[in-house]
Structures are given as structure tokens and as C-alpha cells.
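Numbering (the numbering used here), first residue to last: 98 to 258.
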């Protein structure tokens with residue numbers, strides 16, 4: 098029992114937390130993300146979405162959904178002035194992006210409640226407004242509703258079921 102208490106005190110000292118204090122943000126990472134609204138583009142299933150900032154990029158294939166999300170992890174030492182964020186969407190089977198948009202972005206510090214934290218930020222893209230440096234309430238609300246619907250959806254049986 099003393100070994101466990103000693104280990105907990107050592108861990109608390111390493112993380113900057115008081116003994117028995119929960120560090121809510123342990124694992125907080127610096128990142129930037131974009132919510133991409135598919136409305137007005139038809140079926141984008143299989144299109145490649147790419148997000149770039151500070152010379153780094155992340156990308157993946159889109160699924161058939163109303164809003165997609167893409168995140169780019171940033172270096173731990175990133176500050177609030179991220180600079181230019183670029184979003185590209187290239188249709189399946191094409192080499193030319195149908196969307197190539199960029200904007201400047203400032204990040205917000207999120208504390209881990211243990212004397213540390215990370216900078217992060219979210220953007221949104223709509224066909225009507227382009228790449229926005231913040232997420233409009235209607236996009237955030239639609240994203241939450243989509244995720245709730247996915248979480249409660251009954252899985253479709255497969256041939257092996």
C-alpha cells in the first residue's frame with residue numbers, strides 16, 4: 098500500500114498535480130481541425146480531404162456523411178499564432194482538387210489543469226462561405242446530431258452474421 102501511495106505522489110510531482118488531484122487534461126494535444134460540410138457537393142464518398150499547417154499535413158478518404166472532420170496534430174511547442182491553414186478536397190479518381198482554400202488561424206490554449214496544456218483550434222468549411230476561421234453554431238450542432246445518430250444506429254448485419 099505504501100508503494101502505491103509513493104508512486105501516486107511521484108506521479109503527482111511529475112505532472113505538477115497535488116496529491117489525489119485529478120488531471121483532467123492529461124493527454125491534451127496541440128491540434129487544428131476542420132469540420133467540412135458536404136452540402137451542395139453531391140456524393141463525395143472516396144474523395145481525399147487534406148489539412149495542412151506549418152509544413153505538416155493530414156489526410157483521409159471521405160465517407161458518405163453530412164459533415165466530415167479532419168484533424169492535424171501540431172508540435173507540442175506550437176503557440177497561438179498558427180498562421181495559414183489550408184484545406185484541399187480532391188474527388189475520387191482525380192488529381193486536381195475541387196476545393197483548395199486557406200485562411201489564417203489563431204489557436205486557443207487549453208489547460209490540462211496540471212500546469213501545462215496545449216494550443217488547439219477548429220475551423221469549418223461550407224460551400225457557401227468557404228473556409229471559416231471558427232465553427233458556426235449550426236455546423237457544430239449538426240456535427241453533434243450526426244454523431245448521436247451514428248452512436249444510436251443499429252449495425253447492419255453482414256453476410257457472416
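Glycine is no exception: its CB is placed at the ideal position from the N, C-alpha and C atoms.
Just so we're clear, the structure is a prediction, and the values are computed from it rather than from any experiment.
Given a threshold of 16 other Cβ atoms within 10 Å of its Cβ, counted over all protein chains shown, does residue 150 qualify as buried or as exposed?
By the 10 Å Cβ count, residue 150 comes out buried.
Could you give the first and the last residue of the continuous alpha helix (DSSP H) run that contains residue 151?
The continuous stretches of alpha helix (DSSP H) do not include residue 151, and DSSP gives it neither H nor E.
Could I get the ranges of all uninterrupted beta strand (DSSP E) runs contained in the region 184 to 257, with 3 residues as the minimum, in chain order?
For the region 184 to 257, whole beta strand (DSSP E) runs of length 3 or above, ordered along the chain, are 196 to 203, 205 to 208, 214 to 223, 227 to 229.
Evaluate contact between the region 181 to 200 and the region 137 to 147, counting only Cβ atoms and requiring at least three cross-stretch pairs below 8 Å.
Because the criterion of three Cβ pairs below 8 Å is met, the region 181 to 200 and the region 137 to 147 touch.
Could you spell out where the beta strand (DSSP E) holding residue 168 opens and where it closes?
Taken as a continuous stretch (DSSP letters only), the beta strand (DSSP E) holding residue 168 covers 164 to 170.
Have a look at 154, 201, 146, 219 and flag the residue whose alpha-carbon is nearest the alpha-carbon of residue 207.
It is 219.
Is there a Cβ from chain B that is less than 8 Å from the Cβ of residue 130?
No chain B is present in this structure, which holds just one protein chain.
Taking only the alpha-carbon atoms, compute the straight-line gap between residue 179 and residue 192 and give it to the nearest angstrom.
The straight-line gap from Cα to Cα measures roughly 28 Å.
Three-state secondary structure assigned by DSSP to residue 181
The DSSP-derived three-state label of residue 181 is strand.
Residue 134 lies in the beta strand (DSSP E); which residues open and close that run?
In the DSSP assignment, residue 134 falls within the beta strand (DSSP E) that extends over 128 to 134.
So, with DSSP's three-state summary, where would you put residue 144?
DSSP, reduced to helix, strand and coil, places residue 144 outside both helices and strands of the structure shown, so it counts as coil.
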